[in-house]
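The structure under discussion appears below in the form of structure tokens.
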Amino acid sequence: AAIFGNVQQQTLEVVYDGAAGRVGFAPNGWGCT
Amino acid sequence: AQEKQRRAIDSHTIQLSSLFPSSSSPCVLSTRASSTKSSLHVTHRHGTCSRITSAKAKSPDHAEILRLDQARVNSIHSKLSKKLTDRVRQSKSTDLPAKDGSTYGSGNFVVTLGIGTPKHDLSLIFDTGSDLTWIQCEPCVRTCYSQKEPIFNPSSSSSYHNVSCSSAECSSLSSATGNSGTCSASNCVYGIQYGDQSFSVGFLAKEKFTLTASNVFDGVNFGCGENNQGLFTGVAGLLGLGRDKLSFPSQTAATYNKIFSYCLPSSASYTGHLTFGSAGVSRSVKFTPISTITDGTSFYGLDIVGISVGGQKLAIPPTVFSTPGALIDSGTVISRLPPKAYAALRGAFKAKMSQYKNTSAVSILDTCYDLTGLKTVTIPTVSFYFNGGAVVQLGSKGVLYAFKMSQVCLAFAGNSDDNN
């Protein structure tokens, strides 16, 4: 696959919780800082 | 005052200059990545923060990025749509020749981690849509694309071990790569090909991976690629974050419980973070259950239940989302929506943007504006509603894709088939 960053996810905190079987999102701020 | 506040909630006002950040602005490091033990800095490959920036690489060719993005989406669709009679044949959908990566300056996100003993710091692309982690390895028996950091030499690492082709790890390659492991003098050989015909072939091996001084993992299964070609401009390889047994989160589950998080920076002069484990995960995170996708168990499936534009929920029947399902993928540039959902999103967005000058479509993005001469643009917010009640408002940079000031487009595209 062509490997690029997903535009929609930029500056979001994306959390993958494989054990609990869930994905989470939180606003993070413009530069992820 | 109320109206003004509502407008502030339902719209973003963007300084247009921020859509085209100067490539010379200083690097701002993510505090999260700097302060968390199990965290890595995520950088744009060609940004001021990248340790592998090469003067040689051209600035990204957006039309090419989006063309290759379509190849990736086609590959994912064909993997998941085994049921469809009109399945897109792999060869037809991915007839892009694999090229020497250095010709494409594409904007990937990389992390740097240490591999081997002594540790060699190598920059890898990370991808939730892939499972096998691999890096290029000397002596590159067939071919290696050019990479910025020295190519890993397994014979100089005391912690490197080949995996036997009669081992369980070797037999698990078929789920992780789609190809069964083969034998070469009892060593396990892997092969993986991606949607754009990039590929890596080599020995499945075990090695020590060092995230940070206190986060070291012995015996991680990975691919030591002796024959690698494709669009990996300058990076040493790929870190697989999928759900398969052989992915990095699965192999480090005893320590991190298959938890990881990241933030992809929206400008090349910022670093984001890729963090393993739950350290530092914000309490404001809203969760939605992972749904399992038939024929796509290594993907992270999600159930979208609605979309709102400018605070107004779109009238989209639930089956429009539930019939095809959805997945989240760090590597797909432009999120694709079922045709009817995309039509509704586009219609609502256009209605809110009527004061701006339309322009022709660019590549796969059909809703574009000429913002020449303007200092700011005010766009409606876009939020996604997921199963379980999570509502996610996209960042302002998650709604627009800017080619140039005269071509700033809605950053979504429609799939061609209701079942995709």
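Residue numbers (my numbering), protein chains in the order written: chain A, 122 to 154; chain B, 817 to 1236. Glycine included, every Cβ here is placed at the ideal spot set by N, Cα and C.
For residue i, the residue or residues it bridges with in DSSP
{"i": "Ser1077/B", "result": "Val136/A, Thr1091/B"}
{"i": "Pro966/B", "result": "Partner(s): none; Pro966/B has no beta bridge."}
{"i": "Leu1210/B", "result": "BP columns for Leu1210/B are empty, so no partner."}
{"i": "Asp943/B", "result": "Gly1056/B"}
{"i": "Gly1007/B", "result": "Val1017/B"}
{"i": "Gln831/B", "result": "Thr1192/B"}
{"i": "Val926/B", "result": "Thr859/B, Ile941/B"}
{"i": "Glu1023/B", "result": "Val1036/B"}
{"i": "Ser1044/B", "result": "A quick correction: the sequence has Asn, not Ser, at residue 1044/B. Ser1016/B."}
{"i": "Cys953/B", "result": "Phe968/B"}
{"i": "Thr1175/B", "result": "Cys1184/B"}
{"i": "Ile764/B", "result": "No answer is possible for residue 764/B: the residues shown for chain B start at 817 and end at 1236."}
{"i": "Ile931/B", "result": "His936/B, Phe1025/B"}
{"i": "Phe1103/B", "result": "Gly145/A"}
{"i": "Thr959/B", "result": "Asn1043/B"}
{"i": "Gly994/B", "result": "In the DSSP output, where bridge partners are listed per residue, Gly994/B has none listed."}
Supposed close pair residue i, residue j - CB separation, criterion 8 Å
{"i": "Ser897/B", "j": "Asn1236/B", "result": "7 Å"}
{"i": "Cys953/B", "j": "Gly1046/B", "result": "Between Gly1046/B and Cys953/B the Cβ distance is about 15 Å, and since that is not below 8 Å, they are no contact."}
{"i": "Val1051/B", "j": "Ile868/B", "result": "7 Å"}
{"i": "Val1215/B", "j": "Leu882/B", "result": "Actually they do not touch by this definition, with Cβ atoms about 16 Å apart."}
{"i": "Ser1107/B", "j": "Leu1118/B", "result": "6 Å"}
{"i": "Cys986/B", "j": "Cys1004/B", "result": "4 Å"}
{"i": "Thr1091/B", "j": "Ser1077/B", "result": "5 Å"}
{"i": "Ser1066/B", "j": "Lys1074/B", "result": "6 Å"}
{"i": "Val889/B", "j": "Arg1059/B", "result": "So it is not a contact: roughly 19 Å between Cβ atoms."}
{"i": "Phe1202/B", "j": "Val1193/B", "result": "About 28 Å separates the two Cβ atoms, so there is no contact after all."}
{"i": "Tyr1006/B", "j": "Leu940/B", "result": "The pair is not a contact, with the Cβ atoms about 16 Å apart (cut-off 8 Å)."}
Proximal residues of chain A, C-beta to C-beta of residue i below 9 Å
{"i": "Ser1002/B", "result": "None at all; the shortest Cβ gap to chain A is about 31 Å."}
{"i": "Asn1073/B", "result": "Asp138, Gly139, Ala140, Ala141"}
{"i": "Val1097/B", "result": "Glu134, Val136, Asp138, Gly145, Ala147"}
{"i": "Tyr961/B", "result": "Under the 9 Å cutoff, chain A gives no residues; its nearest Cβ is about 13 Å from Tyr961/B."}
{"i": "Gly1211/B", "result": "Gln129, Gln130, Gln131, Thr132, Leu133, Pro148, Asn149, Gly150, Trp151"}
{"i": "Ala1227/B", "result": "Val128, Gln129"}
Residue i - containing alpha helix (DSSP H), residue span
{"i": "Lys895/B", "result": "878-896"}
{"i": "Ala1142/B", "result": "No alpha helix (DSSP H) holds Ala1142/B; the beta strand (DSSP E) holding it covers 1142-1144."}
{"i": "Glu985/B", "result": "984-987"}
{"i": "Phe1137/B", "result": "1135-1138"}
{"i": "Gln1067/B", "result": "1064-1067"}
{"i": "Ala1164/B", "result": "1155-1168"}
{"i": "Arg848/B", "result": "847-851"}
Per-residue burial, residue i [other beta carbons within 10 Å of its own, 16 or more giving buried]
{"i": "Pro1154/B", "result": "buried"}
{"i": "Thr928/B", "result": "buried"}
{"i": "Cys999/B", "result": "exposed"}
{"i": "Ser859/B", "result": "The sequence given here places Thr at residue 859/B; Ser does not occur at that position. It counts as buried."}
{"i": "Ala1206/B", "result": "buried"}
{"i": "Asp1145/B", "result": "buried"}
{"i": "Asp902/B", "result": "Residue placement at Asp902/B is flagged as unreliable, the pLDDT there being 38, under the threshold of 50; a coordinate-derived value is accordingly withheld."}
{"i": "Leu1190/B", "result": "exposed"}
{"i": "His977/B", "result": "exposed"}
{"i": "Ile825/B", "result": "exposed"}
{"i": "Gln831/B", "result": "exposed"}
{"i": "Gln1223/B", "result": "buried"}
{"i": "Asn1174/B", "result": "exposed"}
{"i": "Asn145/A", "result": "A small fix is needed here, since residue 145/A is Gly in this sequence, not Asn. Buried."}
{"i": "Thr1110/B", "result": "exposed"}
{"i": "Gly1196/B", "result": "Here residue 1196/B turns out to be Pro, not Gly, going by the sequence shown. Flag for Pro1196/B reads buried."}
{"i": "Ser1002/B", "result": "exposed"}
{"i": "Thr1113/B", "result": "exposed"}
{"i": "Ser907/B", "result": "Because Ser907/B carries a pLDDT of 37, less than 50, the predicted location of this residue cannot be relied on, and the following value inherits that uncertainty. With fewer than 16 Cβ atoms within 10 Å of its Cβ, Ser907/B is classed as exposed."}
{"i": "Pro1140/B", "result": "buried"}
{"i": "Lys1220/B", "result": "exposed"}
{"i": "Cys1032/B", "result": "A small correction: the amino acid at residue 1032/B is Val; Cys does not occupy that position in the sequence shown. By the 10 Å Cβ count, Val1032/B comes out exposed."}
{"i": "Asp1234/B", "result": "exposed"}
Chain A contact residues for residue i, given Cβ-Cβ distances below 8 Å
{"i": "Tyr1116/B", "result": "Tyr137, Val144"}
{"i": "Gly994/B", "result": "Simply none; closest approach about 12 Å."}
{"i": "Phe1015/B", "result": "Going along chain A, no residue has its Cβ under 8 Å from Phe1015/B, so there is no contact; the nearest lies around 11 Å."}
{"i": "Val1193/B", "result": "Here the premise fails: no neighbours, minimum Cβ distance about 16 Å."}
Endpoints, beta strand (DSSP E) assigned at residue i
{"i": "Leu1226/B", "result": "1223-1226"}
{"i": "Ser1000/B", "result": "998-1000"}
{"i": "Leu1187/B", "result": "From DSSP, Leu1187/B is part of no beta strand (DSSP E); its letter is neither H nor E."}
{"i": "Tyr1116/B", "result": "1116-1118"}
{"i": "Tyr1217/B", "result": "1216-1220"}
Chain A contact residues for residue i, given Cβ-Cβ distances below 7 Å
{"i": "Val1121/B", "result": "The contacting residues do not exist; Val1121/B stays about 14 Å from chain A at best."}
{"i": "Arg1059/B", "result": "Gly139"}
{"i": "Phe925/B", "result": "Gly126"}
{"i": "Ile1144/B", "result": "Val144"}
{"i": "Val1106/B", "result": "What sits at residue 1106/B in the sequence shown is Ile, not Val. Per Cβ cutoff of 7 Å: Gly142, Arg143, Val144."}
{"i": "Tyr1078/B", "result": "Val135"}
Any non-hydrogen atom of the ligand SAM closer than 7 Å to residue i Cβ
{"i": "Lys1061/B", "result": "The ligand SAM is not part of the structure shown, which contains no ligands of any sort."}
Chain D residues whose Cβ lies nearer than 9 Å to that of residue i
{"i": "Tyr1217/B", "result": "As a matter of chain content, chain D is missing from the structure shown, whose protein chains are A and B."}
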